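If you're matching them up, the sequences are chains Y and H in order. Per my numbering, residue 1 is the first one in the first sequence, and the count goes up by one each step. Per my numbering, residue 115 is the first one in the second sequence, and the count goes up by one each step. Don't be surprised by glycine CBs; every beta carbon is placed ideally from N, CA and C. Since the model is a prediction, treat every value here as computed from it, not as a measurement. Reviewing the structure listed below.
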Amino acid sequence: DAGVIQSPRHEVTEMGQEVTLRCKPISGHNSLFWYRQTMMRGLELLIYFNNNVPIDDSGMPEDRFSAKMPNASFSTLKIQPSEPRDSAVYFCASSWGQGAYEQYFGPGTRLTVT
Amino acid sequence: AQSVAQPEDQVNVAEGNPLTVKCTYSVSGNPYLFWYVQYPNRGLQFLLKYITGDNLVKGSYGFEAEFNKSQTSFHLKKPSALVSDSALYFCAVRDMGGYSNDYKLSFGAGTTVTVRA
Numbered sequence: 001d002a003g004v005i006q007s008p009r010h011e012v013t014e015m016g017q018e019v020t021l022r023c024k025p026i027s028g029h030n031s032l033f034w035y036r037q038t039m040m041r042g043l044e045l046l047i048y049f050n051n052n053v054p055i056d057d058s059g060m061p062e063d064r065f066s067a068k069m070p071n072a073s074f075s076t077l078k079i080q081p082s083e084p085r086d087s088a089v090y091f092c093a094s095s096w097g098q099g100a101y102e103q104y105f106g107p108g109t110r111l112t113v114t
Numbered sequence: 115a116q117s118v119a120q121p122e123d124q125v126n127v128a129e130g131n132p133l134t135v136k137c138t139y140s141v142s143g144n145p146y147l148f149w150y151v152q153y154p155n156r157g158l159q160f161l162l163k164y165i166t167g168d169n170l171v172k173g174s175y176g177f178e179a180e181f182n183k184s185q186t187s188f189h190l191k192k193p194s195a196l197v198s199d200s201a202l203y204f205c206a207v208r209d210m211g212g213y214s215n216d217y218k219l220s221f222g223a224g225t226t227v228t229v230r231a
């Protein structure tokens with residue numbers, strides 16, 4: 001299994017630009033999670049999906065952030081417009097079934113907004 | 115509500131010595147507990163978990179963890195640390211007493227482990 005796949009691995013953009021991060025979960029997993037990691041705030045859960053349906057988006061910082069999961073094998077996290085304080089590493093993770101199962105993390109996307 | 119505390123930001127040990135990374139949790143019901151490791155510029159990797167049963171759980175790379183319900187702790191241990199164990203370690207918890215459709219994990223702030231040669 002290829003594991004969770006994220007693209008791009010690195011993204012550098014200017015303030016005000018739109019950024020789209022992509023994630024392909026492990027085949028057969030039915031839960032998908034988006035996290036953000038910074039030195040100041042640690043690991044934060046932004047949103048998670050179960051069976052392609054958003055369950056909890058309370059961690060999404062503001063309306064500039066949106067996430068979609070059009071099918072079981074693909075999800076996007078979009079930031080529009082981007083700001084320098086959005087600079088972070090964004091991780092996607094997936095898991096199977098209910099909470100007894102561990103989450104598998106992708107390699108992350110390092111976003112830098114200048 | 116569920117939460118995790120990792121009381122030590124950093125742990126430093128000499129290679130060959132025992133390694134312990136501490137974790138305490140708070141849940142309303144019974145916990146599912148997890149340990150993850152993160153190497154530089156990588157995603158988090160699953161090490162081990164406690165769901166039910168034996169309080170001593172064995173995981174990857176020689177790590178083990180002991181669930182202690184009375185102390186609400188789930189400390190990670192390795193009998194003999196290696197330089198390659200140097201990384202950031204996260205403890206996480208999910209409350210089994212929570213809403214059945216709630217799959218969120220609560221992560222601790224992380225503990226940086228440095229193993230010196």
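- For the pair H/L170 and H/V135, the CB atoms are not nearer than the 9 angstroms cut-off.
- For Y/G42, the secondary structure class from DSSP, reduced to helix, strand or coil, is strand.
- If you check each beta-carbon in the stretch 42–57 of chain Y against every beta-carbon of chain H, the ones closer than 7 angstroms belong to G42, L43, L45, Y48, N50, I55, D56.
- Take H/F188, set aside five residues on each side of it, and the residues of its chain with a beta-carbon closer than 6 angstroms to its own are C137, L147, A179, F181, in chain order.
- Using a Cβ distance threshold of 9 angstroms, Y/S82 and Y/F33 do not count as a contacting pair.
- The beta-carbon distance between H/P132 and H/S194, rounded to whole angstroms, is 7 angstroms. This is short enough to meet the 8 angstroms contact definition.
- Under DSSP, H/C205 shares a beta bridge with H/W149.
- The beta carbon of H/M210 is closer than 7 angstroms to those of G143, N144, P145, Y146 in its chain, skipping five residues each way along the sequence.
- Contact annotation for Y/F105 against chain H: Y150, Q152, R156, G157, L158, Q159, F160 [CB-CB distance below 9 angstroms, chain order].
- With a contact defined as Cβ atoms closer than 8 angstroms, H/Q116 and H/S184 miss out at about 18 angstroms.
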